[in-house]
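Visitor: Residue numbers (the numbering used here): 152 to 330. We treat Cβ as the ideally placed atom computed from N, Cα and C, and that holds for glycine. Below is one structure. I have some questions about it.
Here's what the structure looks like:
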């Protein structure tokens with residue numbers, strides 16, 4: 152830091168920070184063999200996340216040619232939460248008597264959201280503080296589907312053709328205000 156002719160030789164700082172995070176995850180898989188030629192498999196995942204962080208610091212800067220000093224105070228506090236849900240499935244059919252000839256249908260659906268808010272405060276002097284509040288939110292979802300056909304060629308090879316379609320939508324917002 153250089154303020155006019157003052158050059159700061161010594162710097163002292165005390166700081167503290169804390170982070171807390173909670174994660175909850177649930178997963179399931181169901182496989183149903185309808186008969187020897189038909190199989191259905193479903194998977195579902197659900198997760199919740201919550202977090203909190205805070206920090207503060209006080210720093211003192213001492214110039215070489217003066218007994219005065221500058222104190223900087225900073226603190227921040229942030230909170231966040233998120234949700235993620237996903238379901239996917241696969242339906243497989245064996246076609247005909249030929250081993251390895253299959254037709255598969257796949258699908259996947261996902262939804263996620265993430266919200267956060269926080270406050271930041273910085274102060275160089277009592278009369279000159281900078282205070283901010285921020286919020287953000289994200290929402291996403293996606294859908295996917297597909298079909299795949301497999302035909303064996305000889306004993307060690309296979310011809311596969313497939314078609315997939317995807318759709319994804321994302322909404323994001325962030326706002327920061329001085330207060």
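Excluding five sequence neighbours on each side, which residues of the same chain lie with their C-beta closer than 7 Å to the C-beta of residue 249?
Guide: Contacts found: 303.
Visitor: Taking buried to mean at least 16 other C-beta atoms within 10 Å of its own C-beta, is residue 253 buried or exposed?
Guide: buried
Visitor: Where does residue 233 sit, in a helix, a strand or coil, going by DSSP?
Guide: strand
Visitor: Would you kindly check if the distance between the Cβ of residue 326 and the Cβ of residue 264 is under 7 Å?
Guide: no
Visitor: At the level of alpha carbons, what is the spacing between residue 270 and residue 166?
Guide: 17 Å
Visitor: Give the DSSP-derived three-state secondary structure of residue 307 in the structure shown.
Guide: coil
Visitor: Starting from the Cα of residue 266, find the closest Cα among 258, 221, 324 and 178 and give me that residue.
Guide: Ranking the options by Cα distance to residue 266, first place goes to 324.
Visitor: Does the distance from the C-beta atom of residue 294 to that of residue 314 stay below 7 Å?
Guide: no
Visitor: For residue 181, which beta-bridge partners are listed by DSSP?
Guide: 193
Visitor: What are the boundary residues of the beta strand (DSSP E) that includes residue 269?
Guide: 253-274
Visitor: So what does DSSP say about residue 331, is it helix, strand or coil?
Guide: This structure leaves residue 331 out entirely; the chain is present only between 152 and 330.
Visitor: Count the other CB atoms within 10 Å of the CB of residue 214; is the residue buried (16 or more) or exposed (fewer)?
Guide: buried
Visitor: Report yes if the CB atom of residue 174 is closer than 7 Å to the CB atom of residue 200, and no otherwise.
Guide: Contact: yes.
Visitor: Does residue 280 come out as helix, strand or coil in the three-state DSSP assignment?
Guide: strand
Visitor: Tell me, please, which residues DSSP counts as bridged to residue 246.
Guide: Per DSSP, none; premise fails for residue 246.
Visitor: Which class does residue 219 belong to by DSSP, given the choice of helix, strand or coil?
Guide: If DSSP states are grouped into helix, strand and coil, residue 219 belongs with coil.
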